[in-house]
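All remarks here apply to the structure that follows.
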Amino acid sequence: MKIVKLTESIAVSEQITPENVADIAAAGYQVLVNNRPDGEEACQPASADIAAAAQAAGLEYYYLPITAGNFPGPDFGRMRSLLDDTLRPVLAFCRSGTRCTNLWVASRDDKSMEQARAQARQLGYDLGMSTPRT
């Protein structure tokens with residue numbers, strides 16, 4: 000599991016497993032967000048299994064799946080609220096962290112979006128989902 004900090008209170012990760020959840024809680028995260036639809040790959044852990052591990056570790060867990068086809072998804076307002084809450088550190092995950100990073104960039108206001116884009120690009124993320132199409 001590779002965790003990448005976007006801000007002091009927001010980080011993203013590639014796919015996690017239920018076994019990773021205790022370490023996530025020990026690292027100080029309080030909110031765990033799954034942006035990956037169940038069944039995207041045959042070997043991926045089910046959301047319910049990760050949710051059970053999150054509950055056991057005392058983490059809030061949110062299943063807010065998105066794809067490139069429905070970005071930013073029907074739960075974008077809820078995702079934005081979680082990302083804007085600086086009092087509860089958030090770890091969001093998907094297959095590679097890219098969708099989560101795109102959601103973070105898209106959720107920033109006009110004033111901070113360019114800085115978020117630059118930071119995400121520097122970290123190596125493809126921002127194709129959050130880049131406006133003309």
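In numbering that gives the first Met the number 0, the protein residues as written are 0 to 133.
Positions of the beta carbon are idealized from the N, C-alpha and C atoms, including for glycine.
Exercise. Would you say the segment 70–79 touches the segment 6–13, given that touching needs at least three Cβ pairs under 8 Å?
Worked result: No: the two stretches stay apart, fewer than three of their Cβ pairs being nearer than 8 Å.
Exercise. When burial is assigned at 16 or more other CB atoms within 10 Å of the CB, is Ala55 buried or exposed?
Worked result: The residue is exposed, with fewer than 16 neighbouring Cβ atoms inside 10 Å.
Problem set entry | Run of the beta strand (DSSP E) containing Leu31, from where it starts to where it stops | Run containing Leu31: Val30 to Asn33, per the beta strand (DSSP E) assignment.
Problem set entry | Thr97 beta carbon less than 9 Å from that of Met128 | Pairing Met128 with Thr97 gives a Cβ-Cβ distance under 9 Å.
For this session: Measure the C-alpha to C-alpha separation of Arg8 and Leu31 and round it to an integer number of angstroms.
Result: Correcting the residue identity first, residue 8 is Ser in this sequence and not Arg. Cα to Cα, the separation comes out at about 12 Å.
Problem set entry | Proximity below 9 Å, CB of Tyr61 to CB of Leu82 | Not closer than 9 Å, so no.
For this session: Within its chain, find whatever has a CB closer than 7 Å to the CB of Ala52; leave out the 5 residues flanking it on each side and keep chain order.
Result: Closer than 7 Å at the Cβ level, and outside the excluded window around Ala52, lie Pro17 and Val20.
Problem set entry | Euclidean distance between Cα positions of Arg79 and Glu59 | In this structure, the straight-line span from the alpha carbon of Arg79 to that of Glu59 is close to 16 Å.
Exercise. By DSSP, does Phe70 sit in helix, in strand, or in coil?
Worked result: DSSP places Phe70 in coil when its eight states are reduced to three.
Exercise. How should Gln100 be labelled, buried or exposed, when 16 other C-beta atoms within 10 angstroms of its C-beta is the threshold for buried?
Worked result: The sequence shown places Thr at residue 100, not Gln. Result: buried.
Problem set entry | Residue(s) in a DSSP beta bridge with Ile2 | Ser12.
Problem set entry | CB-CB length for Gly119 against Arg107, believed under 8 Å | Residue identity differs from the one stated: residue 119 is Ala in this sequence, not Gly. Contact flag wrong, Cβ pair sits at about 10 Å.
Exercise. To which residues of the same chain is Cys93 closer than 6 Å at the C-beta, ignoring the five residues directly before and after it?
Worked result: If you ignore the 5 residues before and after Cys93, its C-beta comes within less than 6 Å of the C-beta of Asn34, Arg35 and Cys99, all in its own chain and listed in chain order.
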